[in-house]
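Asker: Quick one: this structure, given as structure tokens, is what I'll be asking you about.
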Amino acid sequence: MVLFFKDGKAFATGAARYQYIPATEGESTNRIFLKVEIAGYPIEAIVDTGAPYVILAPGVARAIGFDPAYVLGRETMLIRGMRLDGSIIRFNMKLLADVGQHLELQGHTRATPEPHPSHTRATPEPHPSHTRDY
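Quick note: our numbering has the sequence shown finishing at residue 138, numbered continuously throughout.
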């Protein structure tokens, strides 16, 4: 199915494979993984359709050249029951198509999430496929 803008131009003309992982016991959300490039760095990302930002693991932020001089702001968010502080930066992202054209986007992200000072639990490790190269 192709999505179109009001003027009739195609929104995206590519198709991508994805991996669907149902929630396991003790989890409440299913997961969708898809291949993307963030600032030219290829990773497999977890899709969260309700998230206001893209969250980058610290290693990915370093790999794309995160520079604190270009931080647009800082924000504290509640992620998986933990308060995490992070920097907001701008970046280019490409949804990689297996067929047709890739979809290039520009967005804001929260890079290098850090535990909020009031939180005593350790930062959860990202899902192994969240930060792996492909």
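Idealized CB from N, CA, C, for every residue including glycine.
#1: Kindly confirm or deny that the region 68–77 and the region 5–23 touch, where touching means at least three C-beta pairs closer than 8 Å.
#2: DSSP three-state label for His58, please.
#3: Have a look at Glu48 and Lys13 and give me their C-alpha separation to the nearest angstrom.
#4: If His106 sits next to Gly18, beta carbons under 8 Å apart, how far is it from one beta carbon to the other, in whole angstroms?
#5: Can you look up Val64 in the DSSP assignment and give me helix, strand or coil?
#6: According to the neighbour-count rule (16 or more other Cβ atoms, all chains shown, within 10 Å of its Cβ), is Leu76 buried or exposed?
#7: I need the DSSP call for Pro72, collapsed to helix, strand or coil.
#8: Write down the C-beta distance between Met86 and Ile42 rounded to the nearest angstrom, noting that I regard them as a contact closer than 8 Å.
#9: Distance check for Ala16 and Glu31, CA to CA, integer angstroms please.
#10: Whole-angstrom Cβ separation of Arg84 and Gln110, contact assumed at under 8 Å?
#11: How many angstroms separate the CA atom of Pro62 from the CA atom of Ile50?
#12: Under a Cβ-count criterion, where at least 16 other Cβ atoms within 10 Å of its own Cβ denotes burial, should Ile36 be classed as buried or exposed?
#13: Please classify Val103 as buried or exposed, where buried requires at least 16 other C-beta atoms within 10 Å of its C-beta.
Answerer: Let me lay it out:
#1: no
#2: Correcting the residue identity first, residue 58 is Val in this sequence and not His. In this structure, Val58 counts as strand in the three-state DSSP scheme.
#3: 28 Å
#4: 6 Å
#5: helix
#6: exposed
#7: helix
#8: About 23 Å separates the two Cβ atoms, so there is no contact after all.
#9: 32 Å
#10: About 27 Å separates the two Cβ atoms, so there is no contact after all.
#11: 15 Å
#12: exposed
#13: exposed
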